[in-house]
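Undergrad: Protein sequence lines, in the order shown, are assigned to chains A, B and C.
For the first sequence, counting from 1, position 415 maps to 415 in my numbering; every step adds exactly one.
For the second sequence, counting from 1, position 55 maps to 1055 in my numbering; every step adds exactly one.
For the third sequence, counting from 1, position 75 maps to 2075 in my numbering; every step adds exactly one.
All residues carry an ideal CB built from backbone N, CA and C; glycine is no exception.
I'd like to ask you about the structure that follows.
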Amino acid sequence: MTAVMGTPMLRKEDGKLLTGESKFVDDIHVPGELWMGMVRSPHAHATITSIETSGALAMPGVHAVHTGADLAEMGLWIAPLPCAWPVTDDMLNPPHFPVASGDVHHVGEIVAVVLADSRYRAADAIDEVIVHYDTLPAAVSVADARDGDVHAHADLDTNRAFRWELIPDPDAVEAAFAGADHVVSGNFVQQRLIPMAMEPRGVLAVPSPHGDDITLYSATQVPHILKVMAAATTGIPEQNIRVIAPAVGGGFGAKLNINPDEILAITLAKKLGRAVRWTESRSEAAGSTHQGRGQLQHIELAADSDGKLRGVRVHLDADMGAYMMLITPGVPLLGSFLYTGVYDVPAFGFVCEGYFTNMTPTDAYRGAGRPEASYAIERAMDLLALEIGVGPDEIRRRNYINGGEAFENHEAASTLIFDSGHYGPSLDRALEMAGYDGLRTEQARRREAGETVQLGIGLCTYVEICGLAPSRALGGLNYGAGGWEHATVRMLPTGKVEVVSGSTPHGQGHETSWSQIIADKMGISPYDVTVLHSDTAISPLGLDTYGSRSLAVGGVAIAMAADKVIEKARLIAAHQFEAAPEDVQFENGAFSVAGSPGTTVHIQELGFAAFTAHDLPDGIEPNLQEQVSFDPPNFAFPFGTHVAVVEVDEATGRVELIDYVAVDDCGNQVNPLIVEGQLHGGIVQGVAQALYEEAVYDEYGNITNPSMMDYLVPSPTEVPSMKLDYTTTPSTTNPLGVKGVGEAGTIGSAAAVINAVCDALSPHGISDMEMPASPKRVWNAINRASGNGEGGAS
Amino acid sequence: MIPAPVEYTRAGSAEEAISLLTEHGDEAKLLAGGHSLLPMMKLRLATPAQLIDVGRIDELRYINADNGQVAIGALTRHTELEHSDVLAEACPLLKHVASVVGDPSVRHRGTLGGTLAHADPASDLPAAILALGGTLVAQGPNGRREIAATDFFTSYFESVLAADEMLVEVRVPSGGGGWNYQKFNRRAQDWAIVGVVVADAGKGIALVNMGATPLRATGVEAALAGGASAADAAAVAAEGTSPVEDGNADATYRSHLTRVLTERALNAAR
Amino acid sequence: MKLTLTVNGTTHTSEVEPRTLLVHHLRDNLGLTGTNIGCDTSSCGACTVHFEGQSVKSCTMLAVQADGGEITTIEGLAGQAQEAGISTGDQDWHPMQEAFHQCHGLQCGYCTPGMVMAATSLLDENPDADERGVREGLEGNLCRCTGYHNIVKAVLQAKGGA
């Protein structure tokens, strides 16, 4: 058996997806199903005065119309939608029910639900529900919420939900800044992003014909968490709820919440004894699915005369949106530890204040707090380079942890222990691949010639925290759950292997990667392995997929469970060999006795022996099946250097990304093909934040660009092919030495692109550019910098 | 995102379509490729009671060059313009502009007559027909009439077409001098934030999305005719326009883009 | 009203409301759920099928507009390739499906059916497409997972191999 770990095995998942055989939620139908149609608030903040439902009820095929007040009276839920991360003991958390009654707090909040016998009739009936409102003033930006008089929740006397601090040594921070030769600061805006997974969300709740069971199909990243939370919210006993995440068309964080529609589907299906379903429309999603980012960042760096960092100080104002959803307040905290980046920073202070606004709630979106942190420190490092008068590569080299040399177990000023790192080589390699010196020459030539299209080169060396796991650490941050992951590995009688995965894929290729891990451990073909997942009846224990945790936690659990199976099989082999277990060796799937290599038994043959149990050693239970719940001792810290090359057309302001180089280090790789794919997609999501995407709210709190026509998810023509390479610095956190890569691309790319834009524009004295760097914004900046009155506000 | 209930009839000829239009009056809408109307119906911004599908009237799908002009059936699809050998010879500008409308799947369905009748000032082909000095042929209960492109568009999504008329043919002169189309957008599939069409080496210049209709840049044309340089002529490109303000651009920026793109288009069209 | 469509070589006659979108007819009435819906503005291309041999966005056609016509969906692509004698690989797929597999041109797979149908139509129309041509040919299809890198690679490989 040749090694399969570390090889670019083609994905086992592809066949069903390439032929249309896969079943996403909207593809699954059951007899008698009723379609929910959501009547949503057109106002950001208003009091519902009355709702007329008779017109809708009179329509053919309409089964019922329920208002929030009706539903509350019906007793369908026992608790509001959950927030699992009350970051401080005094955090404000106004109740958030699936359907509003009384006041609405954002455009798109559900005020009534229609039940009809087809999706068309549900759509028709929505228009016939007449809702009367008294509008209230709305807080429609985080700055307004912080500075203004308008309260997002009329019954709260403040918009500030919490203040959270991470200042391990306040005196050290004071001293670092007091004694600094240089202090640079930046104010950066992390605009709100709409996640836009290609599959909109959807639910289908199916009650059992007899008894009390409910099966919920949901386009979710978190079937296990959803099951627990659905029980806690509805009062339906947890053992009566089964959650299935069928094929799920991307998540990026947007599908890790506990949503009103999910709770409505479960409770209405149970009440009616009929299946109840809903599929989100794309334009509806801007108000029905949480958004990402939404932060105002203030960062200050204190440095010595040579640019060596002495301290970093950060203040965030974070936009919670209208309600605290599952981990809304925790997202900025996930980034808090990374504002010192890859640098040796002796003193660090971080403060985050969370504010309610009358906008769609925010929550995790690819990177969740960490792209924001990486952006702030990497933009600020470029500002420091300008201040000191050195290149962006040089300022980074001067500050890398351990001088850019390899290290293990570095204690950062944030108090986290970075497992391992080696930052210098990723920068060297990235600059080499980009042809950095040649780019600088070309840039100088264009500047000299005064060309219209200028060149910019941007660097970013990022580090991220992934493998969101150590339960104690999460508990220390007030997170309401652990971070372990569960795996079961069983060898079937015929020698095939079933892996039951607690982490739940939605595009990441778990079936392939987990098969490779098993194949490598057990010395069998990866095609003899089946991976079961995403159904709480089949995989009862798990904490699901987010935060680049699947491999570093769940994959490791699978490897450890495989080890346990091998150990048990070794006992059976030893019994068959009539040898001591310690004399039995295991190689390439076969057991043999040390010293007599001629006699072997393959592990797959032992499946049948364990199944018949005719001749097992004393005290050994039948079957080869082992479980592991793995709770790693620490996070993992992948890193890398990205280089973006842009052209800026100074006459129009258009920015074009013409080249992109990324040298990433995610520790040991299981499947380089999948790693590459994760990076490509992640990079483009960061590029999208830098250049294209922003949820734009008007003064009334309406999203002006909810559709894919106006919200600019890049198409193939807006991005180039990318050049990737790797360094490999194994993690010390887990036995596979793996780190995680799902968010790395996004964490590196936005800063690299904006650094490139600012680099191109630096001759104008422009040192910052708000995201997205739209043509209008760039042109206005150039105009303002040139003292030309024509440029308006950006 | 589902259209409201609607009745549907397929017309086998222009005459039949017009008689159906007469019968149903304001309640009816012609459906050709559907790529302007159906998106509005899905958003329920348009709720016609009756659709009259003219998309199968194949006798109105043709591209003929003859006697110094090109005659194009109104139901000719963008993809047919894009791949037309006749246009490659007789009117390469129109072939090119058709190739940058929407995306390939949109171009497989959208029709020239449909996009003209929709009269969206942000669309590419109306401005091209305007720059080319085209003529539109409308048919109504009383027969056909010719309308100069310069007279056709009246406001946002409005034209001089009567409720009982449909476009049947579009004519543009063939030949002519250098041409260029500068389409400025953020994603290739999107409508132009601003576009500038230059036909016949600057004798016809039209602007996309700079007002309530596609606009002739008459000031630029006149300046060029008077011997101005491309740069000097382009300087007046935004005069007399009334550009919309939206998330992509305010009026100042649109006007600026118009000048930049006009100069680029003129230089490229030389 | 009555509607007859030949989908993937099978003729179906159905009664539909005139407003029924082609994509809903395929998915909800004919059970061909491989064609997906990703947006409501004709922007994303997830619903791309072939109508009379050309890519169309089936969310922006009424089913009745296709009456009497021939449609190929992702479910029928491999069969069509087998009939044409161009299928390839262990699975006997269309070369475009095989190339997407070989090049890791899909992750969550939701945009994939539309992307594959758009890509085959693109090569029919522009058999010599280079990287720029492939990107422009797919400008109406959005993907959130791959960053397009491996999709473009797959289409160029399918072009070379077909």
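Just how far apart, CA to CA, sit VAL150 of chain A and ALA139 of chain A?
TA: Going by the C-alpha atoms only, they are around 6 Å apart.
Undergrad: Considering only the alpha carbon of each residue, which of A:ASP157, A:VAL114, A:VAL314 lies closest to GLU174 of chain A?
TA: Minimum Cα distance to GLU174 of chain A is reached at A:VAL314.
Undergrad: Please report the distance separating the alpha-carbon of ASP1058 of chain B from that of VAL2064 of chain C.
TA: Straight-line Cα distance between these residues: approximately 17 Å.
Undergrad: Taking CYS2044 of chain C as the reference, which of A:SER283, A:HIS105, A:GLY507 has the closest Cα?
TA: Ranking the options by Cα distance to CYS2044 of chain C, first place goes to A:SER283.
Undergrad: Please report the distance separating the alpha-carbon of PRO505 of chain A from that of LEU226 of chain A.
TA: Rounded to whole angstroms, PRO505 of chain A to LEU226 of chain A spans 15 Å at the Cα level.
Undergrad: Closer than 7 Å by beta-carbon distance: list the chain A residues that pair up with LEU1257 of chain B, in chain order.
TA: Ordered by position in chain A, the residues that pass the 7 Å Cβ test against LEU1257 of chain B are THR652.
Undergrad: Would you please verify whether the beta carbon of ARG293 of chain A is less than 8 Å from any beta carbon of chain C?
TA: No, its Cβ sits nowhere closer than 8 Å to a Cβ of chain C.
Undergrad: In angstroms, rounded to a whole number, what distance separates the CA positions of ASN2079 of chain C and ALA275 of chain A?
TA: What sits at residue 2079 of chain C in the sequence shown is Gly, not Asn. Roughly 35 Å separates the two Cα atoms.
Undergrad: In whole angstroms, what separates the C-alpha of GLY1143 of chain B from that of THR279 of chain A?
TA: Their backbone Cα atoms lie some 48 Å apart in a straight line.
Undergrad: Does DSSP put GLY2114 of chain C in a helix, in a strand, or in coil?
TA: It is helical.
Undergrad: Report all residues from its chain with a CB closer than 6 Å to the CB of GLU1023 of chain B; omit the five preceding and five following residues, and keep chain order.
TA: Excluding residues within five positions, none has a Cβ falling inside 6 Å.
Undergrad: Consult DSSP for CYS460 of chain A and reduce its assignment to one of helix, strand or coil.
TA: Of the three classes helix, strand and coil, the one that applies to CYS460 of chain A here is strand, per DSSP.
Undergrad: For ALA197 of chain A, which residues in chain C fall below 7 Å Cβ to Cβ?
TA: Those within 7 Å of ALA197 of chain A in chain C are ARG2144.
Undergrad: If you check the beta carbons only, do VAL131 of chain A and ILE48 of chain A fall under 8 Å apart?
TA: Yes, the pair counts as a contact, with Cβ atoms nearer than the cut-off.
Undergrad: Measuring only the C-alpha atoms, how far is SER141 of chain A from ASP2040 of chain C?
TA: Their backbone Cα atoms lie some 27 Å apart in a straight line.
Undergrad: Would GLY1102 of chain B pass as an interface residue toward chain D - the criterion being a Cβ-Cβ separation below 8 Å?
TA: As a matter of chain content, chain D is missing from the structure shown, whose protein chains are A, B and C.
Undergrad: Verify the CB distance criterion: does MET1040 of chain B have a CB-CB separation below 8 Å to chain A?
TA: No, its Cβ sits nowhere closer than 8 Å to a Cβ of chain A.
Undergrad: Distance check for MET708 of chain A and ALA1225 of chain B, CA to CA, integer angstroms please.
TA: Whole-angstrom Cα-Cα distance: 43 Å.
Undergrad: Are the stretch 2126 to 2139 of chain C and the stretch 36 to 54 of chain A in contact at 8 Å, needing three or more beta carbon pairs?
TA: In short, these stretches do not touch, since the Cβ pair count stays below three.
Undergrad: Considering only residues of the same chain and omitting the five flanking positions on each side of ALA695 of chain A, which have a CB-CB separation below 6 Å?
TA: ARG192, ILE194, GLN291, ILE703.
Undergrad: Label GLN2097 of chain C either buried or exposed according to how many other C-beta atoms from any shown protein chain fall within 10 Å of its C-beta, with 16 as the threshold for buried.
TA: The residue is buried, with at least 16 neighbouring Cβ atoms inside 10 Å.
Undergrad: Quick one: give me the first and last residue of the alpha helix (DSSP H) that PRO392 of chain A is part of.
TA: 392 to 397 is the extent of the alpha helix (DSSP H) around PRO392 of chain A.
Undergrad: Return no unless some Cβ of chain A is closer than 8 Å to the Cβ of SER2043 of chain C.
TA: Yes, because at least one Cβ of chain A sits closer than 8 Å to the Cβ of SER2043 of chain C.
Undergrad: Looking only at its own chain, which residues have a Cβ that is under 8 Å from the Cβ of ILE126 of chain A, when we skip the five neighbours before and after it?
TA: Closer than 8 Å at Cβ, skipping near neighbours: GLY37, MET38, VAL39, ALA56, VAL114.
Undergrad: Using three-state DSSP, classify ASP544 of chain A as helix, strand or coil.
TA: Coil.
Undergrad: For the structure I just gave you, are there three or more beta carbon pairs, one from the stretch 98 to 108 of chain A and one from the stretch 295 to 302 of chain A, closer than 8 Å?
TA: Contact fails: fewer than three Cβ-Cβ distances are below 8 Å.
Undergrad: Quick check on the DSSP output: what are the complete beta strand (DSSP E) runs of length 3 or more inside the stretch 711 to 773 of chain A, in order along the chain?
TA: As far as the stretch 711 to 773 of chain A is concerned, its whole beta strand (DSSP E) runs of at least 3 residues are 723 to 726.
Undergrad: So, VAL628 of chain A versus LYS564 of chain A, is the Cβ gap smaller than 8 Å?
TA: Result yes, Cβ atoms of VAL628 of chain A and LYS564 of chain A sit closer than 8 Å.
Undergrad: Name the chain C residues whose beta carbon is nearer than 8 Å to that of GLN1189 of chain B?
TA: The answer, in chain order, is SER2043, GLU2139, GLY2140.
Undergrad: Report the residues of the stretch 279 to 303 of chain A with a CB closer than 7 Å to any CB of chain C, ordered along the chain.
TA: Flagged, chain order: SER281, ARG282, SER283.
Undergrad: Mark LYS1042 of chain B as exposed unless 16 or more other C-beta atoms lie within 10 angstroms of its C-beta, in which case mark it buried.
TA: So LYS1042 of chain B counts as buried.
Undergrad: Distance, Cα to Cα, ASP304 of chain A vs ARG310 of chain A?
TA: Computed Cα separation, rounded: 7 Å.
Undergrad: By Cβ distance below 6 Å, which residues in the same chain neighbour ASN2150 of chain C in space, the five residues on each side in sequence not counted?
TA: The residues are CYS2103, HIS2104, GLY2105.
Undergrad: Taking the alpha carbon of MET74 of chain A as the point to measure from, which residue in A:SER715, A:ILE517, A:LEU264 has its own alpha carbon closest?
TA: Comparing Cα-Cα distances from MET74 of chain A to each of A:SER715, A:ILE517, A:LEU264, the minimum goes to A:LEU264.
Undergrad: Helix, strand or coil: how does DSSP classify GLY1240 of chain B here?
TA: Coil at GLY1240 of chain B, not helix or strand.
Undergrad: DSSP three-state call for ASN2141 of chain C: helix, strand or coil?
TA: Of the three classes helix, strand and coil, the one that applies to ASN2141 of chain C here is coil, per DSSP.
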